[in-house]
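Residue numbers (my numbering): 250 to 548.
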């Protein structure tokens, strides 16, 4: 009966040190993050203090908070020789976080190495996070197939998170979160329907930020020849940065069993009402029952 948040970010000292050792994006200069495609971003150090974050999780009543590598940084898209030190630093730091933290593993998607990902999963990670722009078309699913087959073999879930935001540095600071991230999640939702599920019938998957509200386009999908299908019981969406109106709309489209709690802390805060105005039964489903099915496959 554990309350779960499936989507948080917490940068360990090992990951911070590895990013500071770089001189090309992605890199840290002190606590300022430099990326291709986004303006420089100052990280408040307190946001990545593990003891403080554990206290916040306790205040939220969480028994498990899953952290992941921030995919918009672009580590997964680096050549393997550049990605590996950062991935190793992330996995080392994430595995050492105190309770109630767990973590999603990460993997290079430019040079796929299923053996390296298997070794990471052996350390007890909850599943694997991949960037949405790596799973946006048939070619992406072909490239990442060894990683997804590995998850199916081990009965572990996939977490799809926005990747790097192309062109995000040209607009206001909120542009990457509101346009490229949402577009990526929308594309990833429909790409999974078209290419992912046929190749991976047993894979459990969770899409960040309500899949960019792609589930709300079911009527248009049917009108344009996609047909009407029942909700996939192995597909979930998490709630980060959305509130009661969006969550209720997605519940109407997918059912209450598809929604899991995710906050995206420290970039967003958990909702004051975990049920998003839908009552105690919904809060139980979002925080306990549905995350259990996502993570374990068990009711």
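Each residue gets a CB set at the ideal place from its N, CA and C atoms; glycine is no exception.
Take residue i and list the residues in its own chain whose beta-carbon comes closer than 6 Å to its own, dropping the five residues that flank it on each side.
i, result
"residue 482", "none"
"residue 370", "354"
"residue 323", "275 and 413"
"residue 351", "313, 315 and 375"
"residue 283", "274, 276 and 289"
"residue 526", "493"
"residue 432", "none"
Could you tell me if residue i is buried or exposed, where buried requires 16 or more neighbouring beta carbons within 10 angstroms of its beta carbon?
i, result
"residue 349", "buried"
"residue 480", "exposed"
"residue 450", "exposed"
"residue 514", "buried"
"residue 307", "exposed"
"residue 368", "exposed"
"residue 447", "exposed"
"residue 251", "exposed"
"residue 254", "buried"
From the DSSP output, read off the bridge partner residues of residue i.
i, result
"residue 350", "314"
"residue 281", "278 and 291"
"residue 372", "Residue 372 pairs with nothing; no bridge assigned."
"residue 441", "Partner(s): none; residue 441 has no beta bridge."
"residue 455", "408 and 485"
"residue 253", "313"
Give me the Cβ distance between residue i and residue j, rounded to the nearest whole Å; I'm assuming they're in contact under 8 Å.
i, j, result
"residue 505", "residue 534", "5 Å"
"residue 405", "residue 454", "Between residue 454 and residue 405 the Cβ distance is about 11 Å, and since that is not below 8 Å, they are no contact."
"residue 341", "residue 383", "Not quite, the Cβ-Cβ distance comes to about 23 Å (not below 8 Å), so this is no contact."
"residue 459", "residue 488", "6 Å"
"residue 267", "residue 363", "Actually they are not in contact, since the Cβ atoms of residue 267 and residue 363 sit about 23 Å apart, beyond 8 Å."
"residue 470", "residue 539", "Not really, about 23 Å apart at Cβ, beyond 8 Å."
"residue 335", "residue 358", "Not quite, the Cβ-Cβ distance comes to about 13 Å (not below 8 Å), so this is no contact."
In chain order, what residues of the same chain lie with their CB nearer than 8 Å to the CB of residue i, ignoring the 5 residues before and after it?
i, result
"residue 416", "286 and 429"
"residue 346", "259, 261, 299, 316 and 352"
"residue 438", "456, 460, 461, 463 and 464"
"residue 421", "none"
In chain order, what residues of the same chain have a beta carbon less than 7 Å from the beta carbon of residue i, not counting five sequence neighbours either side?
i, result
"residue 319", "258"
"residue 546", "404 and 453"
task: Would you list, in sequence order, the uninterrupted alpha helix (DSSP H) runs of no fewer than 4 residues that lie entirely inside the region 474 to 535?
output: 493 to 503 and 529 to 533
message: Quick check on the DSSP output: what are the complete beta strand (DSSP E) runs of length 3 or more inside the region 376 to 434, in order along the chain?
response: 377 to 380 and 407 to 410
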